[in-house]
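Take a look at the structure below.
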Amino acid sequence: MSGSARRGVIVVFVLAVMWTAGIFVVPWLADEVATARLLYSPVCHQLPERSLTIAAHPATVCARCTGLYLGGTVGLLLVAAAGITLRRSRLTWLVVTAAPSVIDVGAGFVGLGGLSNLPRLLVALPAGVVLGLLLGEAVSDLAQSIRNRDKDKPYEFAAHAPSSRPQTDGTGGGGNS
Amino acid sequence: MNQQAPSIWMPALIGGGVFGLVGGLPVVGGLNCLCCSLVILAGFLAAFLYSKECKKVGFEFRGGGGAKIGVVAGLFYFVSHSIVGSILAFAMRDYNERQLADAIEQIRNAEGMDPQMAEQIVGWIEMIGSGFSPIGFGLVLVCGLIFGTIGGLIGGAVFKVEAAPPTPQQPAV
């Protein structure tokens, strides 16, 4: 992985760490900045009985979302630190790791009940890791393609410059370098 | 690269439109409570459809390209979700008002919940309201753009398409 690609993944990893840390930190600050929970409300139902309890307050997202975000952060870390990516069967990995959570969600929908909070978190964790690996790979590719595009610009200018400027005697006219 | 890039509009419209419609419906729209899964799926489906177009013409498609199609799919998700949500909110406004009042009552009477937190949750619910408020529109737009992009990025990584090898040039006669 090139330097720019790695930097891109690191930026996303840092954002993911901040987001995931908020799940655990905000409940500690519940009395002071409970409105921070609002930030997480569009992405999770935040039902207290479905969330881990931290410092006598529910976490900012449910146990399943916590598992996904924790796993995603780990996946991004693996890409950023070790350059690990899924070489093949990406869709199979995604389906296999997501299946237990999908079954658990389905069971809840049809009224069969579901797992308790900690198993729910653990079941979502592998899917999060795979999603993090895929996201990290895509972000590194995006950062690389932006870098390549930026690199190409001066080259194009240089390539067209001689034909678009009057010829000089070669002593240098102080043009843009 | 000689191949012409396929248009991103139709795959993004299908991905965003379909999942926006689903997201605007009651009950199934609740799947968004799982990390905005419907928005992510909108970007993911758009990336899948776009990868099929790319495969046809031999155009390279990777994770980075998925970001672009994901953000457009997120925008279409917002439009589709807003239209369906607004229509339903208008049609079911009496029912929604009752549901909202019940939910507020339940939160206020929930055992073990910090009263301060309960009032805050009630405050948010009242702020967003039963219908489609400007805050609701804003949240759907922001979530659509962010999570649509994430879905597109993941879709790009999963449905990667390598560029077709260049065709050998005919020797000049």
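Protein chains in written order, with the working numbering: chain A, -1 to 175; chain B, 232 to 404. Beta carbons: idealized from backbone N, C-alpha and C, even for Gly. Since this is a predicted model, take the numbers as computed values, not measurements.
Could you tell me which uninterrupted alpha helix (DSSP H) segments, each at least 4 residues in length, are contained entirely in the segment 236 to 285 of chain B, listed from first to last along the chain?
If one requires a minimum length of 4 residues, the alpha helix (DSSP H) runs lying completely within the segment 236 to 285 of chain B are 240 to 255, in chain order.
Who are Phe292 of chain B's beta bridge partners in DSSP?
One-based indexing of the second sequence puts residue 292 of chain B at position 61. B:Val392, per the DSSP bridge assignment.
Let me check understanding here. Comparing Cα to Cα, which of A:Ala136, A:Ile101 and A:Gly73 lies closest to Gly109 of chain A?
Within the first sequence, numbered from 1, the residue matching residue 109 of chain A stands at position 111. Comparing Cα-Cα distances from Gly109 of chain A to each of A:Ala136, A:Ile101 and A:Gly73, the minimum goes to A:Ile101.
Please check if any C-beta of chain B sits within less than 8 angstroms of the C-beta of Val94 of chain A.
What you label residue 94 of chain A is simply residue 96 of the first sequence in a count that begins at 1. So, not an interface residue.
Which residues does DSSP list as the beta-bridge partners of Cys42 of chain A?
Within the first sequence, residue 42 of chain A is the residue found at index 44, counting from 1. According to the DSSP secondary-structure assignment, Cys42 of chain A is paired through a beta bridge with B:Leu265.
At 4 residues or longer, and completely inside the segment 43 to 116 of chain A: list those alpha helix (DSSP H) runs for me, N to C.
Counting only runs of 4 or more, we get 61 to 80 and 88 to 107.
Roughly how many whole angstroms lie between the Cα atoms of Arg176 of chain A and Ala61 of chain A?
Nothing about residue 176 of chain A can be read from this structure; chain A reaches only from -1 to 175.
Minimum C-alpha distance to Gln337 of chain B - residue among B:Ile356, B:Leu319 and B:Val392
If you number the second sequence from 1, residue 337 of chain B lands on position 106. Of the candidates B:Ile356, B:Leu319 and B:Val392, the one whose C-alpha sits nearest the C-alpha of Gln337 of chain B is B:Ile356.
Reduced DSSP category for Gln165 of chain A - H, G, I as helix; E, B as strand; rest coil:
Translated into positions along the first sequence, residue 165 of chain A becomes position 167. A caution first: Gln165 of chain A carries a pLDDT of 45, below 50, which makes its placement in the model too unreliable to give a value.
7 angstroms Cβ shell around Gly168 of chain A - same chain, five flanking residues per side excluded:
For the purposes of this step, residue 168 of chain A is taken as the residue at position 170 of the first sequence. With a pLDDT of only 42 at Gly168 of chain A, under 50, the local geometry of the prediction cannot be trusted, and no value is derived from it.
Would you please state the rounded distance, in angstroms, between the beta carbons of Gly305 of chain B and Phe368 of chain B? I believe it to be under 8 angstroms.
Within the second sequence, the letter at position 74 stands for residue 305 of chain B. Within the second sequence, the letter at position 137 stands for residue 368 of chain B. Gly305 of chain B to Phe368 of chain B, Cβ: 14 angstroms. No contact.
Along chain B, which residues have their Cβ under 9 angstroms away from the Cβ of Pro40 of chain A?
Taking the first sequence and counting its residues from 1, one reaches residue 40 of chain A at position 42. Asn263, Cys267, Leu370, Val371, Val373 and Cys374, listed in chain order.
Among the candidates A:Leu13, A:Phe107, A:Leu36 and A:Thr95, whose CA atom is the shortest distance from the CA of Gly65 of chain A?
For this step, residue 65 of chain A is matched to residue 67 along the first sequence. Looking from the CA of Gly65 of chain A, the closest CA among A:Leu13, A:Phe107, A:Leu36 and A:Thr95 belongs to A:Thr95.
Per DSSP, what kind of secondary structure is Ser364 of chain B in: helix, strand or coil?
As a first step, residue 364 of chain B must be located in the second sequence, where it is residue number 133. Under the three-state reduction of DSSP output, Ser364 of chain B falls in the coil class, being neither helix nor strand.
Chain B beta carbons: is any one of them nearer than 8 angstroms to that of Ala14 of chain A?
In the first sequence, the residue the question calls residue 14 of chain A occupies position 16. Closer than 8 angstroms: no.
Can you give the beta carbon distance from Val315 of chain B to Gly251 of chain B, rounded, assuming they're within the 8 angstroms contact cut?
Residue numbering aside, residue 315 of chain B sits at position 84 when the second sequence is read from its first letter. Residue numbering aside, residue 251 of chain B sits at position 20 when the second sequence is read from its first letter. Taking a contact as a CB-CB distance under 8 angstroms, the pair Val315 of chain B and Gly251 of chain B counts as one, their CB atoms being some 7 angstroms apart.
Grab the span of the alpha helix (DSSP H) containing Asp325 of chain B for me, first residue to last.
As a first step, residue 325 of chain B is located in the second sequence; it is residue number 94 there, counting from the start. Arg324 to Asn340 is the span of the alpha helix (DSSP H), which, as asked, contains Asp325 of chain B.
Between which two residues does the alpha helix (DSSP H) containing Leu13 of chain A stretch?
Position 15 of the first sequence holds residue 13 of chain A. Under the DSSP assignment, Leu13 of chain A falls in the alpha helix (DSSP H) whose first and last residues are Gly1 to Trp26.
At a Cβ threshold of 8 angstroms, is Asp333 of chain B touching chain A?
Counted from its first residue, the second sequence places residue 333 of chain B at position 102. Chain A, which has no Cβ nearer than 8 angstroms to the Cβ of Asp333 of chain B, makes this no.
Buried or exposed by the 16-neighbour rule on C-beta atoms within 10 Å, applied to Gly461 of chain B
The structure shown does not extend to residue 461 of chain B, since chain B is modelled only from 232 through 404, so no value can be given for it.
Gly254 of chain B to Gly295 of chain B, Cα distance in whole Å?
Position 23 of the second sequence, counting from 1, holds the residue named residue 254 of chain B. Position 64 of the second sequence, counting from 1, holds the residue named residue 295 of chain B. When only Cα atoms are considered, Gly254 of chain B and Gly295 of chain B end up about 26 angstroms apart.
Contact list for Asp139 of chain A against chain B, beta-carbon separation under 7 angstroms:
What you label residue 139 of chain A is simply residue 141 of the first sequence in a count that begins at 1. Under the 7 angstroms cutoff, chain B gives Arg293, Gly294 and Gly295.
Give a single yes or no on whether Tyr326 of chain B has its beta carbon closer than 7 angstroms to a heavy atom of the ligand HEM.
With respect to the ligand HEM, the structure offers nothing, as it holds no ligand at all.
Within chain B, partners of Val103 of chain A - CB distance below 7 angstroms
Within the first sequence, numbered from 1, the residue matching residue 103 of chain A stands at position 105. Going along chain B in sequence order, the residues near Val103 of chain A (Cβ under 7 angstroms) are Leu265.
Expressed to the nearest angstrom, what Euclidean distance is found between the alpha-carbon atoms of Ile52 of chain A and Trp26 of chain A?
To locate residue 52 of chain A, count along the first sequence from 1; it is residue 54. To locate residue 26 of chain A, count along the first sequence from 1; it is residue 28. Counting only the Cα atoms, Trp26 of chain A lies some 7 angstroms from Ile52 of chain A.
Would you mind telling me which residues of chain B sit closer than 7 angstroms to Arg62 of chain A, beta carbon to beta carbon, in chain order?
Here residue 62 of chain A corresponds to residue number 64 of the first sequence, with the count starting at 1. Simply Leu265.
Val302 of chain B versus B:Glu328, B:Val288 and B:Gly274, residue with shortest Cα-Cα distance:
Taking the second sequence and counting its residues from 1, the one referred to as residue 302 of chain B is at position 71. If you compare the alpha carbons of B:Glu328, B:Val288 and B:Gly274 with that of Val302 of chain B, the shortest gap goes to B:Gly274.
So, with DSSP's three-state summary, where would you put Pro346 of chain B?
As a first step, residue 346 of chain B must be located in the second sequence, where it is residue number 115. Correct three-state label for Pro346 of chain B: helix.
Using a C-beta cutoff of 8 angstroms, does Gly387 of chain B count as contacting chain A?
Counting from 1 along the second sequence, the entry for residue 387 of chain B is found at position 156. Interface residue, yes.
Inter-residue Cα distance where the pair is Asp139 of chain A and Tyr281 of chain B
Here the question's residue 139 of chain A lines up with position 141 in the first sequence. Here the question's residue 281 of chain B lines up with position 50 in the second sequence. Here the alpha carbons of Tyr281 of chain B and Asp139 of chain A stand approximately 17 angstroms from one another.
Own chain partners of Glu154 of chain A with C-beta closer than 7 angstroms, once the 5 adjacent residues on each side are dropped:
For the purposes of this step, residue 154 of chain A is identified with residue 156 of the first sequence, where counting begins at 1. At Glu154 of chain A, the pLDDT of 47 sits below 50, so the modelled position is not reliable; the number obtained from the coordinates is stated separately. Answer for Glu154 of chain A: no residue qualifies.
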